[in-house]
Amino acid sequence: KDIYDATPQSGHNQHWSGGNRKLEFVGNHVHGWKSTFARFTGDYATNKGAIISGNQLDIGGTLLTVDGKGMTGAVISGNVVGNSAAGVEDRVIIDVDAREFSSNVINGNSFFGVDDTVDRKGTGGPGRVDHAIRIEAKKSIANGITNNSFGYHNDSAIELLTPTQGVNITGN
Numbered sequence: 203k204d205i206y207d208a209t210p211q212s213g214h215n216q217h218w219s220g221g222n223r224k225l226e227f228v229g230n231h232v233h234g235w236k237s238t239f240a241r242f243t244g245d246y247a248t249n250k251g252a253i254i255s256g257n258q259l260d261i262g263g264t265l266l267t268v269d270g271k272g273m274t275g276a277v278i279s280g281n282v283v284g285n286s287a288a289g290v291e292d293r294v295i296i297d298v299d300a301r302e303f304s305s306n307v308i309n310g311n312s313f314f315g316v317d318d319t320v321d322r323k324g325t326g327g328p329g330r331v332d333h334a335i336r337i338e339a340k341k342s343i344a345n346g347i348t349n350n351s352f353g354y355h356n357d358s359a360i361e362l363l364t365p366t367q368g369v370n371i372t373g374n
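Just add 202 to the spot in the sequence shown (first one is 1) and you have this note's numbering.
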């Protein structure tokens, strides 16, 4: 179950024709959560200007999932997400599979898996996340991924699955 789910099926549909605007998820602490902290999905509108900052997810969980139309102008900074695999196959801390992911900043986060276990396919141990950040978007322009700390992942910390324009990946 997601902490925030803006899908029509959730009964908490926050999508309007103009899109979600100015949502803030700041200063939350979640322990043992094995699902998704914030999920933006649906075909109604693109989320604009979200702030996801200063959150701590300890032992499990995905910080952010974006699908459907997508997200623009978000700031995702200062979050600590650790030991996220929790026996779940193909876990990613920030997982984007949307039409658009543009002009977003992912900065100053600490994303890490379990330090002593490699369990690539969820076969029993707590394992590690495969990637900290995975972005697959038809339109991916001007995103910045800077000054993040990544540790204990099975594969690359950042996976870009579609062509991007003007992405800045520095100081990680």
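Glycine residues also receive a C-beta, built at the ideal position from the N, C-alpha and C atoms.
Values in this document were obtained by computation on a predicted structure and should not be read as measured data.
Leaving aside the five residues before and after residue i along the sequence, list all residues of the same chain whose C-beta is less than 6 Å from its C-beta, in chain order.
| i | result |
| --- | --- |
| N350 | N311, N374 |
| G346 | V307, N370 |
| S305 | T274, G275, A344 |
| V283 | L259, L265, I295, F313 |
Quick one, which of the options has its alpha-carbon nearest residue i's?
| i | options | result |
| --- | --- | --- |
| R330 | F352, I254, G229 | F352 |
| L362 | F313, A300, G315, Y354 | A300 |
| D357 | K341, I295, T267, D269 | I295 |
| R293 | F313, G263, V283 | G263 |
| F239 | L259, G284, F314 | L259 |
Near residue i, what residues of its chain come up, given a Cβ to Cβ distance below 7 Å and the 5 sequence neighbours on each side ignored?
| i | result |
| --- | --- |
| T372 | T348 |
| G251 | R223, K224, G275, A276 |
Helix, strand or coil for residue i? Go by DSSP, reduced to three states.
| i | result |
| --- | --- |
| K236 | coil |
| L225 | coil |
| T364 | coil |
| R330 | coil |
| H231 | strand |
| T372 | strand |
| N249 | strand |
| A276 | coil |
| I202 | Outside the shown range of the chain (203 to 374) lies residue 202, about which nothing can therefore be said. |
Could you give the C-beta distance for residue i and residue j, rounded to a whole number, given that I count them as a contact under 8 Å?
| i | j | result |
| --- | --- | --- |
| G234 | I261 | 5 Å |
| G270 | G229 | Actually they are not in contact, since the Cβ atoms of G270 and G229 sit about 27 Å apart, beyond 8 Å. |
Count the other CB atoms within 10 Å of the CB of residue i; is the residue buried (16 or more) or exposed (fewer)?
| i | result |
| --- | --- |
| V268 | buried |
| T364 | exposed |
| G368 | exposed |
| E226 | exposed |
| H355 | buried |
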